[in-house]
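Reviewing the structure listed below.
Protein chains: 2
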Amino acid sequence: MKPKQSNAMKTGASDAPPQFVRRIAVDHRERPSEVPAALAAHPDVRITFDQLSLGDYRIDNTLIVERKTLTDFAQSVRDGRLFAQASRLIRVKRARPCLILEGTRINHWSAALPRTALQGALITVTLVFGLPVLRSASPEETANLILYAADQLHRRATRPPKRRGYHPKGLNRQQNFLLQTIPEIGPTRAQRLLNTFGTPFGVASATIDDLQMVDGIGKSAATKIHQVFHGP
Amino acid sequence: MKPKQSNAMKTGASDAPPQFVRRIAVDHRERPSEVPAALAAHPDVRITFDQLSLGDYRIDNTLIVERKTLTDFAQSVRDGRLFAQASRLIRVKRARPCLILEGTRINHWSAALPRTALQGALITVTLVFGLPVLRSASPEETANLILYAADQLHRRATRPPKRRGYHPKGLNRQQNFLLQTIPEIGPTRAQRLLNTFGTPFGVASATIDDLQMVDGIGKSAATKIHQVFHGP
DNA sequence: TGAGAGAGGGTGTGA
DNA sequence: TCACACCCTCTCTCA
Ligand SMILES: [Mg+2]
Ligand SMILES: [Mg+2]
Numbered sequence: 001m002k003p004k005q006s007n008a009m010k011t012g013a014s015d016a017p018p019q020f021v022r023r024i025a026v027d028h029r030e031r032p033s034e035v036p037a038a039l040a041a042h043p044d045v046r047i048t049f050d051q052l053s054l055g056d057y058r059i060d061n062t063l064i065v066e067r068k069t070l071t072d073f074a075q076s077v078r079d080g081r082l083f084a085q086a087s088r089l090i091r092v093k094r095a096r097p098c099l100i101l102e103g104t105r106i107n108h109w110s111a112a113l114p115r116t117a118l119q120g121a122l123i124t125v126t127l128v129f130g131l132p133v134l135r136s137a138s139p140e141e142t143a144n145l146i147l148y149a150a151d152q153l154h155r156r157a158t159r160p161p162k163r164r165g166y167h168p169k170g171l172n173r174q175q176n177f178l179l180q181t182i183p184e185i186g187p188t189r190a191q192r193l194l195n196t197f198g199t200p201f202g203v204a205s206a207t208i209d210d211l212q213m214v215d216g217i218g219k220s221a222a223t224k225i226h227q228v229f230h231g232p
Numbered sequence: 233m234k235p236k237q238s239n240a241m242k243t244g245a246s247d248a249p250p251q252f253v254r255r256i257a258v259d260h261r262e263r264p265s266e267v268p269a270a271l272a273a274h275p276d277v278r279i280t281f282d283q284l285s286l287g288d289y290r291i292d293n294t295l296i297v298e299r300k301t302l303t304d305f306a307q308s309v310r311d312g313r314l315f316a317q318a319s320r321l322i323r324v325k326r327a328r329p330c331l332i333l334e335g336t337r338i339n340h341w342s343a344a345l346p347r348t349a350l351q352g353a354l355i356t357v358t359l360v361f362g363l364p365v366l367r368s369a370s371p372e373e374t375a376n377l378i379l380y381a382a383d384q385l386h387r388r389a390t391r392p393p394k395r396r397g398y399h400p401k402g403l404n405r406q407q408n409f410l411l412q413t414i415p416e417i418g419p420t421r422a423q424r425l426l427n428t429f430g431t432p433f434g435v436a437s438a439t440i441d442d443l444q445m446v447d448g449i450g451k452s453a454a455t456k457i458h459q460v461f462h463g464p
């Protein structure tokens, strides 16, 4: 919209002055959108148009962004293109893929899916495919997101060595955690088991009947415990 | 609880009749929220309040949900709790972790961060930490998201892409995770231990010398293992 | 035969 | 999820 003062943009991307020029390859199909202009309005950003085989924006092998307006998104859900694309994106090595969903239901009302369909698709993409999804309200915000994300990821790569903390967890806590990996066993039941049988070995040695004598452990949990320790 | 909503059936979660009862463990700190009631309003859903060591909603080996209202989220960004929590969530092995951000700026105006700060935090959480984030407009929608997500994940044999190490399935997987809670034991050594001793009980019964015969297990690891199972 | 050093691998941490 | 520092383990060498 207003590609002038860089300082006017309040995004962290420009707040923290970028150390060096960020080169962004933009798919030529994105040319008609307002995002490239918004990107170029930032200082230290150089964009080049290119034909990208995957994604719409690429920043030096750290970030690949697929941008979709709500309308695009709805369309790609309907024709099933979305999931194919998502699965190609997550397969990319060496770079973090990411989907930016641009727009609100207000300005994309015509193409909007029912909200539940939208959410359903988002769940599949995010949770099942594991593809990170960000939402943006406008092309300008999309540009800011891209830059901020690129900076974050880049910072990770160029980071001074850091101190490693070590955490000597107490033994009891350790044992408690071990038992908690058993389904239906949380901190409370884990502790009760330890109180009753003394150690994880004690728990492991108990019979299903023994186990059921513990307060809060029923047949189901007792069976599970025994099964995890001894197999079916 | 107030299971009066019958109109709550608008989600895909209930559109496709669930195959079996979904048991959801809810952290007791979520009791005051409206989400549990919204969950319970669904057919075939049984919720139990429990103390969860991590996350707010847990559907057995499938999904762990951390729910945050916008207000919570803003707070946790400010005090830095967010990233610590995210990194704990991302390391959960038993199930797929996920953050649901509930609310809009409209009804959480008071606590809202500047939009850029919100986006910045979301970028870090999603892109850098790789934690899936979903957004919800209301407690009811949160409930729908949880159920739909659980169904999706359960349905898909497709496990989300590889984590480091071996990826066994079923019971063996649980046994593997159990052993991984021991210091110095990761996926690789856990699997070797299981291959050698058959079950966690077998491992627990082994002497320190027995343990050291496993490839990759030395004196230090053997001692730790024995100690966790038997105490000092 | 035992000690010690060095390499490689695995784990755990931070982001 | 990814990258990598650290430390355990194993092997090889030399006494
Ligand atoms: Mg596109
Ligand atoms: Mg919470």
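Protein chains in written order, with the working numbering: chain V, 1 to 232; chain U, 233 to 464.
Built from N, CA and C at the ideal position, the CB exists for glycine as well.
Discussion item. Closer than 7 Å between beta carbons: that is the criterion. Which residues of the region 196-207 of chain V meet it against chain U?
Written reply: Within the region 196-207 of chain V, the residues whose Cβ lies closer than 7 Å to some Cβ of chain U are T199, P200, F201 and A204, listed in chain order.
Discussion item. With H, G and I counted as helix, E and B as strand and the rest as coil, what does DSSP make of R163/V?
Written reply: To locate residue 163/V, count along the first sequence from 1; it is residue 163. Here R163/V sits in coil by DSSP.
Discussion item. At the level of alpha carbons, what is the spacing between N316/V and S220/V?
Written reply: The structure shown does not extend to residue 316/V, since chain V spans only 1 to 232, so no value can be given for it.
Worksheet item: Based on the DSSP output, what are the partners of L25/V in its beta bridges?
Response: By one-based count along the first sequence, residue 25/V stands at place 25. In the sequence as presented, Leu is not what sits at residue 25/V; that position holds Ala. A25/V is bridged to T48/V and R58/V.
Practice prompt. Going by CA-CA distance only, name the one from A84/V, A222/V, L147/V and E66/V that's closest to D210/V.
Written response: By 1-based counting over the first sequence, the position of residue 210/V is 210. Ranking A84/V, A222/V, L147/V and E66/V by Cα distance to D210/V puts A222/V first.
Worksheet entry | Nearest to D215/V (by Cα), restricted to the options H226/V, R189/V and T199/V | Here residue 215/V refers to the residue found at position 215 of the first sequence. The residue with the shortest Cα to Cα distance from D215/V is R189/V.
Discussion item. Could you tell me the alpha carbon to alpha carbon distance between A90/V and G130/V, rounded to whole angstroms?
Written reply: Counting from one through the first sequence, the residue named residue 90/V turns up at place 90. Counting from one through the first sequence, the residue named residue 130/V turns up at place 130. Sequence check: residue 90/V is Ile here, not Ala. Distance between the alpha carbons of I90/V and G130/V: 7 Å.
Practice prompt. Could you work out which residues of chain V lie near T294/U, taking near to mean beta carbons separated by less than 7 Å?
Written response: Locating residue 294/U in the second sequence gives position 62, counting from the first residue. Within chain V, no residue comes near T294/U; the closest Cβ sits about 10 Å away, beyond 7 Å.
Fill in: F49/V at chain U interface by Cβ criterion, 8 Å
Position 49 of the first sequence, counting from 1, holds the residue named residue 49/V. By this cut-off, F49/V is not an interface position.
Fill in: Buried/exposed call for P329/U, threshold 16 Cβ in 10 Å
As a working mapping, residue 329/U is identified with position 97 in the second sequence. Residue burial is scored here from C-beta neighbours: P329/U has at least 16 other C-beta atoms within 10 angstroms and is therefore classed as buried.
Fill in: Helix, strand or coil at A222/V [DSSP, three-state]
Position 222 of the first sequence holds residue 222/V. The three-state secondary structure of A222/V, taken from DSSP, is helix.
Practice prompt. Mind checking which residues open and close the beta strand (DSSP E) that includes I146/V?
Written response: Numbered from 1 along the first sequence, position 146 holds the residue referred to as residue 146/V. Per DSSP, I146/V is not a residue of any beta strand (DSSP E); the alpha helix (DSSP H) it occupies stretches across P139 to A157.
Discussion item. Quick check: F229/V and T431/U, are their CB atoms within less than 8 Å of each other?
Written reply: Within the first sequence, residue 229/V is the residue found at index 229, counting from 1. Within the second sequence, residue 431/U is the residue found at index 199, counting from 1. Yes, these two residues count as a Cβ contact at 8 Å.
Discussion item. Quick check on N144/V: buried or exposed, where buried means 16 or more other Cβ atoms within 10 Å of its Cβ?
Written reply: Position 144 of the first sequence, counted from the first residue, corresponds to residue 144/V. Burial check for N144/V: the Cβ neighbour count within 10 Å reaches 16 or more, so the residue is buried.
Discussion item. Can you check which of these residues, P183/V, G231/V and T116/V, is closest to G218/V by C-alpha distance?
Written reply: Counting from one through the first sequence, the residue named residue 218/V turns up at place 218. Out of P183/V, G231/V and T116/V, P183/V has the C-alpha closest to the C-alpha of G218/V.
Worksheet entry | Same chain only: Cβ atoms within 7 Å of V133/V, ignoring 5 sequence neighbours per side | For the purposes of this step, residue 133/V is identified with residue 133 of the first sequence, where counting begins at 1. Same-chain partners within the cutoff: L99, L101, L122, V125 and T126.
Item to complete: For P36/V, count neighbouring C-beta atoms within 10 Å of its own C-beta (all shown protein chains included) and say buried if the count is 16 or more, exposed if not.
Response: In the first sequence, residue 36/V corresponds to position 36, counting from 1. By the 10 Å Cβ count, P36/V comes out buried.
Worksheet item: So with Cβ pairs under 8 Å, would you call H462/U a contact of chain V?
Response: Within the second sequence, residue 462/U is the residue found at index 230, counting from 1. Chain V has a Cβ within less than 8 Å of the Cβ of H462/U.
Fill in: Among G434/U, V324/U and V297/U, nearest to R367/U - alpha-carbon criterion
Residue 367/U sits at position 135 when you count from the first residue of the second sequence. For R367/U, the closest C-alpha among the options G434/U, V324/U and V297/U is that of V297/U.
Worksheet item: Would DSSP call E30/V helix, strand or coil?
Response: Within the first sequence, the letter at position 30 stands for residue 30/V. Shown here, E30/V sits in a helix according to DSSP, grouped into three states.
Practice prompt. Look at the Cβ atom of V92/V, then the Cβ atom of Y57/V, and state whether they are nearer than 8 Å.
Written response: Numbered from its first residue, the first sequence carries residue 92/V at position 92. Numbered from its first residue, the first sequence carries residue 57/V at position 57. For V92/V and Y57/V, no; Cβs fall outside 8 Å.
Discussion item. So with CB distances below 7 Å, who are the chain V contacts of S285/U?
Written reply: If you number the second sequence from 1, residue 285/U lands on position 53. Those within 7 Å of S285/U in chain V are Q180, G186 and P187.
Worksheet item: Is the beta carbon of E372/U less than 8 Å from the beta carbon of A306/U?
Response: Within the second sequence, residue 372/U is the residue found at index 140, counting from 1. Within the second sequence, residue 306/U is the residue found at index 74, counting from 1. It is not a contact, given that the beta carbons lie outside the stated cut-off.
Fill in: Cβ neighbour criterion (16 or more within 10 Å) applied to F20/V
Here the question's residue 20/V lines up with position 20 in the first sequence. Its Cβ having fewer than 16 others within 10 Å, F20/V is exposed.
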